[in-house]
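Engineer: Shown below is the structure under consideration.
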Amino acid sequence: MRIVPFLLILSGPACADTACDEMWFVRNLAFDRAGYCFGSRLGAAVFDNSDCIGTQITLAPDVREATAMIRESEAYLGCDVNTEATGLALSRMPLLRQLSDLPIPTEYDGSACLGWTGPDIPLRSGHAVDALVVGSAQAGLDIVWEYEWLENPGWEFISVYRDGEVLAMGWSNTPVDIDLCTHLAG
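See below:
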């Protein structure tokens, strides 16, 4: 598998801290879904250990590849999330939790279609036509490609913003026609 390319712009140091928290969360969300029992204070606070099966779990090959990529990014940034904390100040947690197929957070900003003027684009929890619709990109909103993902032909992962606030995120198999963007960024 390969990463679907998109434009990357390096973020500042403050963004690196948020990126580290998000990388830690998404990587550990994958482990939680596989039944991992968290021993750290942060892991136990953020994830529910009531249905865990142990610390020796098996990840699907694509999930294992994605978590390895996240670990590489964490190492590159020198991430050191405080696992003795009792929570994460990560506003995207509810949006990420509703996804069945997880994207790969990075330390970079992506590219954007600012001022979408096209029809509603449904966003799904996973990259399958029968996956739950968890949001939509609507006219007047901004569509942002800020995550990486393992290639899955016909699907891309997008976030939807209004005035700098993320409203929705999910998988889309509806191509974004850049001619229907008021402006492009990235």
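In terms of our numbering, the sequence shown is numbered consecutively and its last residue is 181. Yeah, the Cβ is synthetic: ideal placement off N, Cα and C, and Gly gets one too. Computed from a predicted structure; not experimentally measured.
(1) Check whether the region 100 to 107 and the region 57 to 75 touch, using three or more Cβ-Cβ pairs below 8 Å as the test.
(2) Bridge partners of F152, per DSSP?
(3) Distance, Cα to Cα, I52 vs D174?
(4) With DSSP as the reference, label C176 as helix, strand or coil.
(5) Looking at C-beta atoms only, is the number of pairs between the region 108 to 125 and the region 136 to 145 that lie closer than 8 Å three or more?
(6) Just the Cα atoms here: how many angstroms apart are V128 and R36?
(7) Is the beta carbon of R87 closer than 9 Å to that of E17?
(8) Roughly how many angstroms lie between the CA atoms of A134 and I153, to the nearest whole one?
(9) Can you find the residues in the same chain that come closer than 6 Å, C-beta to C-beta, to W150, ignoring five residues on each side of it along the sequence?
(10) If you draw a straight line from the alpha carbon of G38 to that of T62, how long is it in whole angstroms?
(11) With DSSP as the reference, label W111 as helix, strand or coil.
(12) To the nearest angstrom, report how far apart C194 and E160 are at their CA atoms.
(13) Taking the straight line between their C-alpha atoms, what separation do you get for P185 and D172?
(14) Find the nearest neighbour of L145 within the set G30, M64 and F42, judged by alpha-carbon distance.
(15) Where do the N-terminal and C-terminal ends of the beta strand (DSSP E) with A39 fall, by residue?
(16) What are the partner residues of L118, as DSSP defines its beta bridges?
(17) What does the Cβ neighbour count give for E143, buried or exposed, with the cut at 16 atoms within 10 Å?
(18) Taking the straight line between their C-alpha atoms, what separation do you get for D46 and V124?
Structural biologist: Considering the structure as presented:
(1) yes
(2) Residue mapping note: residue 152 aligns to position 157 of the sequence shown, counting from 1. DSSP, once it has assigned bridges, lists W166 as partnering F152.
(3) For this step, residue 52 is matched to residue 57 along the sequence shown. For this step, residue 174 is matched to residue 179 along the sequence shown. Taking the straight line from one Cα to the other gives about 46 Å.
(4) For the purposes of this step, residue 176 is identified with residue 181 of the sequence shown, where counting begins at 1. In this structure, C176 counts as strand in the three-state DSSP scheme.
(5) Three or more beta-carbon pairs separated by less than 8 Å link the region 108 to 125 to the region 136 to 145, which places the two stretches in contact.
(6) Counted from its first residue, the sequence shown places residue 128 at position 133. Counted from its first residue, the sequence shown places residue 36 at position 41. Cα-Cα distance, rounded: 33 Å.
(7) Position 22 of the sequence shown, counted from the start, is the residue given in the question as residue 17. Position 92 of the sequence shown, counted from the start, is the residue given in the question as residue 87. Result yes, Cβ atoms of E17 and R87 sit closer than 9 Å.
(8) Against the sequence shown, residue 134 aligns to sequence position 139. Against the sequence shown, residue 153 aligns to sequence position 158. Using only the alpha carbons, I get a separation of about 15 Å.
(9) Translated into the one-based positions of the sequence shown, residue 150 becomes position 155. For W150, where only same-chain residues beyond five positions count, the Cβ hits under 6 Å are H122, W166 and N168.
(10) Taking the sequence shown and counting its residues from 1, the one referred to as residue 38 is at position 43. Taking the sequence shown and counting its residues from 1, the one referred to as residue 62 is at position 67. Going from the Cα of G38 to the Cα of T62 covers about 16 Å.
(11) Taking the first residue of the sequence shown as position 1, residue 111 is located at position 116. DSSP places W111 in strand when its eight states are reduced to three.
(12) A query on residue 194 cannot be resolved here, the shown segment of the chain reaching from -4 to 181 and no further.
(13) Since the first and last residues shown for the chain are -4 and 181, residue 185 lies out of range.
(14) Counted from its first residue, the sequence shown places residue 145 at position 150. Of the listed residues, the one whose Cα sits closest to L145 is M64.
(15) For the purposes of this step, residue 39 is taken as residue 44 along the sequence shown, with counting starting at 1. Segment R36 to V41 is the alpha helix (DSSP H) holding A39; no beta strand (DSSP E) there.
(16) Looking up residue 118 in the sequence shown gives position 123. DSSP output for L118 lists G130 as bridge partner(s).
(17) By 1-based counting over the sequence shown, the position of residue 143 is 148. It is buried - the Cβ of E143 has at least 16 other Cβ atoms within 10 Å.
(18) Taking the sequence shown and counting its residues from 1, the one referred to as residue 46 is at position 51. Taking the sequence shown and counting its residues from 1, the one referred to as residue 124 is at position 129. Spanning the two alpha carbons is a distance of roughly 29 Å.
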